[in-house]
Amino acid sequence: MTYSRTTKSTKHSPQRSCTVCRAKSDKSDLIRVVRSPDGRAVVDAAKKLPGRGAYICPDSDCIEKAKKSGSLAHSLGVLPNEKFWNELEECAKTFGVNVNLKVRSVLGLSRKSGNLIIGTDNIDREKRKLLVLTASDCSESVRKFADSHENITLEMNIDELSETIGTRGGVQIVGLPINSGFAKKLMSLIKRERGNAV
1246 MTYSRTTKST KHSPQRSCTV CRAKSDKSDL IRVVRSPDGR AVVDAAKKLP
1296 GRGAYICPDS DCIEKAKKSG SLAHSLGVLP NEKFWNELEE CAKTFGVNVN
1346 LKVRSVLGLS RKSGNLIIGT DNIDREKRKL LVLTASDCSE SVRKFADSHE
1396 NITLEMNIDE LSETIGTRGG VQIVGLPINS GFAKKLMSLI KRERGNAV
């Protein structure tokens, strides 16, 4: 008797939170910064330097907020100098994140965490202010409904949106609490992709 063994490779990708917006992402999709042994703030592009570390999204919004709020300085326990900020901005420009994959990842994570609201009826019942996201090929009635909320049209069709959030199909519209880390992360990613036109 012959047995066949199927192995499923599920490589675990560690998650980290951005020090600024608190949205969780794969460690590989964030920039790591460290306080080096000599007490300086350093961009750790290879993610291998020793020292106290923190993570930040590779986008200008989070970097600007980090400068103003002092969140990186607090996390690292050292005040970054101007050279550090220039290196961080340059690293973010060349980071090369596939934005569409990141949007899909954030939507998938928000569904798993129970934060994603699916469909017009569920969105309509929500008392909280929502960010509403529609599929690119949603119906005219769904588009009109979305216009009564803060909304973004995704660059994915109904089938792609349904697959992204793990449903059998037909999902035209989803919502997220506007103040959630997931919504903030999505707005930041889409704004970056569309050149601040969101």
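Residue numbering for the sequence shown follows this note's numbering, beginning at 1246 and increasing consecutively.
Don't be surprised by glycine CBs; every beta carbon is placed ideally from N, CA and C.
Alpha-carbon to alpha-carbon, residue j and residue i
| i | j | result |
| --- | --- | --- |
| residue 1296 | residue 1280 | 5 Å |
| residue 1431 | residue 1346 | 11 Å |
| residue 1262 | residue 1350 | 14 Å |
| residue 1311 | residue 1428 | 18 Å |
| residue 1354 | residue 1291 | 25 Å |
| residue 1356 | residue 1306 | 25 Å |
| residue 1390 | residue 1359 | 23 Å |
For residue j and residue i, believed in contact at Cβ under 8 Å, the rounded distance
| i | j | result |
| --- | --- | --- |
| residue 1367 | residue 1379 | So it is not a contact: roughly 14 Å between Cβ atoms. |
| residue 1363 | residue 1416 | 6 Å |
| residue 1425 | residue 1302 | Contact flag wrong, Cβ pair sits at about 15 Å. |
| residue 1418 | residue 1387 | 5 Å |
| residue 1421 | residue 1361 | 6 Å |
Residue i, enclosing alpha helix (DSSP H) - first and last residue
| i | result |
| --- | --- |
| residue 1367 | 1365-1370 |
| residue 1318 | 1316-1321 |
| residue 1404 | 1403-1409 |
| residue 1376 | Counting along the chain, residue 1376 falls outside any alpha helix (DSSP H), though it belongs to the beta strand (DSSP E) covering 1375-1379. |
For residue i, the first and last residue of its enclosing beta strand (DSSP E)
| i | result |
| --- | --- |
| residue 1269 | 1269-1271 |
| residue 1396 | 1395-1398 |
| residue 1262 | 1260-1262 |
| residue 1324 | It is not in any beta strand (DSSP E) - residue 1324 carries neither H nor E in the DSSP assignment. |
Residue environment, residue i, which counts as buried when at least 16 other CB atoms sit within 10 Å
| i | result |
| --- | --- |
| residue 1325 | buried |
| residue 1316 | buried |
| residue 1314 | exposed |
| residue 1339 | exposed |
| residue 1384 | exposed |
| residue 1269 | buried |
| residue 1284 | exposed |
| residue 1265 | buried |
Item checked: the segment 1404-1413 contacting the segment 1310-1330, beta-carbon criterion three pairs below 8 Å -> no
Item checked: Inter-stretch contact at 8 Å, needing at least 3 Cβ pairs: the segment 1313-1328 / the segment 1269-1280 -> yes
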